[in-house]
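Note that numbering that gives the first Met the number 0 gives residue 62 to position 63 of the sequence shown, counting from 1, and the numbers run on in steps of one. One structure is given below, encoded as structure tokens.
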Amino acid sequence: MFKNKSDIFVLDGATGSELDRAGVDVGMPLWSAHAILEAPEILKQVHISYLEAGAQAISTNTFRTHERSLAKAGMGHRAEELTTKAVEIAQSARDEVNTGALVFGSVAPLEDCYSPKLAPLSDVCEQEHGQIICHLVNAGVDLVLIETIASAHEAVAAAKVAKGEWAMSLCMQTDVLGTLLDGTPLTNIIQAFEHAKFIGINCYPATKLAQQVKHLRSIAPNEMAIAAYGNVGHADDEGGWINTDAIDPNIFAEYAMDWVKAGASIVGGCCGTTPKTIAAIRNHCKRV
Ligand SMILES: [Zn+2]
């Protein structure tokens with residue numbers, strides 16, 4: 000299904016910011032994991048909204064259900080339970096709206112996003128990513144999506160323990176081409192992802208993503224599908240967030256079409272995007 004030059008495949012958009020918008024507590028350390036226990040119906044509704052907007056896959060709300068993340072809230076022993084429940088909520092939304100859609104099991108960095116220096120040692124990454132990947136696969140996800148990974152050794156470790164169908168999406172530096180946030184050139188580690196269903200770049204400014212996709216296309220194996228799902232803005236120097244014109248769904252969709260032209264066949268949205276963004280992508284993005 001995922002091949003370079005195949006038809007455009009549309010992913011969903013952000014879950015955490017949609018839960019926040021719907022009034023669900025997304026306070027740290029649990030962040031979006033709160034919704035699994037406290038607001039499963041609202042979480043299901045977010046998935047439904049993306050499916051109705053035309054998403055062909057939805058990602059499980061498991062960004063913070065590693066044992067390590069849950070342990071910060073005294074709930075480490077409930078990792079498998081919460082991951083499984085998050086998958087079940089996504090599956091029930093899928094079964095209700097579009098049985099042909101896929102459920103991707105989301106695997107996030109073990110520590111904060113955009114903080115590659117916090118990534119634990121490789122053997123710890125293997126053990127802890129291996130655990131959540133088992134939970135996701137046992138719960139029946141269609142594909143394990145390891146995403147927003149900013150550290151080379153964490154990406155390689157997660158790829159090593161990945162099971163079933165899986166894909167890898169990375170977090171890159173914005174001012175240098177083809178360089179992970181930790182400074183590693185992607186060419187140094189791309190070999191580790193040769194068995195992935197696709198390789199992607201996510202949580203990157205939508206406005207600048209096309210050049211990174213073009214570079215990734217130039218170093219990826221010919222048959223490898225490329226995913227691109229940018230965000231609507233960028234962090235400022237004080238740790239705040241600045242939205243760009245990509246916050247407009249139609250403008251975001253035009254950027255997404257640029258990613259397609261640059262070589263991506265799988266497109267969607269990351270932080271700050273909404274079901275309207277996905278609907279616009281669905282209408283606007285066509286194979287050229
Ligand atoms: Zn993001």
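The beta carbon of each residue, even a glycine, is placed where N, CA and C say it ideally should be.
Residue i, buried or exposed, once every other Cβ within 10 Å from all chains shown has been counted against 16
i    : result
I148 : buried
K196 : buried
D6   : exposed
Q55  : buried
N230 : buried
M223 : buried
P220 : exposed
V140 : buried
D111 : exposed
E125 : buried
N201 : buried
I215 : Going by the sequence as given, residue 215 is Leu instead of Ile. Its Cβ being crowded by 16 or more others within 10 Å, L215 is buried.
I218 : exposed
Proximal residues to residue i (C-beta, below 6 Å), its chain only, five neighbours per side dropped
i    : result
N97  : L50
P248 : K275, T276 and A279
I88  : P39, L42 and K43
Y228 : L10, N201, G267, G268 and C269
S150 : P115, A118 and D181
F192 : A158, M167 and I198
Alpha-carbon spacing of residue i relative to residue j, whole angstroms
i    : j    : result
C270 : E66  : 23 Å
H194 : T183 : 20 Å
G73  : L81  : 13 Å
D122 : A156 : 7 Å
E164 : T59  : 15 Å
D257 : I265 : 12 Å
H152 : L180 : 12 Å
L169 : I145 : 8 Å
E237 : H33  : 27 Å
D244 : L142 : 32 Å
A52  : R281 : 8 Å
V212 : T206 : 12 Å
T83  : H134 : 7 Å
L101 : V9   : 11 Å
A118 : P108 : 8 Å
T273 : K159 : 33 Å
V138 : A38  : Residue 138 is actually Ala in this sequence, not Val. Looking at the two C-alpha atoms, the distance is approximately 20 Å.
F103 : Q130 : 16 Å
Y254 : D174 : 18 Å
Y203 : G232 : 8 Å
I198 : V23  : 32 Å
E127 : M167 : 16 Å
I57  : E95  : 13 Å
Own chain, CB closer than 8 Å to residue i, minus 5 neighbours either side, in chain order
i    : result
T178 : M171, Q172, P184 and L185
S91  : K43
G75  : E66, R67 and L69
A234 : Y113, W240 and I241
A252 : T276, A279, I280, N282, H283 and C284
Rounded Cβ spacing between residue i and residue j (contact assumed at less than 8 Å)
i    : j    : result
A261 : A209 : 4 Å
I47  : A21  : 12 Å between Cβ atoms; not a contact.
K71  : P28  : 4 Å
A161 : I132 : 6 Å
Proximal residues to residue i (C-beta, below 7 Å), its chain only, five neighbours per side dropped
i    : result
S31  : T14, G15, L18, V25, N60, F62 and R63
R77  : L69
A85  : I35, T59, N60, T61 and T64
M289 : Here the chain has residues from 0 to 287 only, and residue 289 is not among them.
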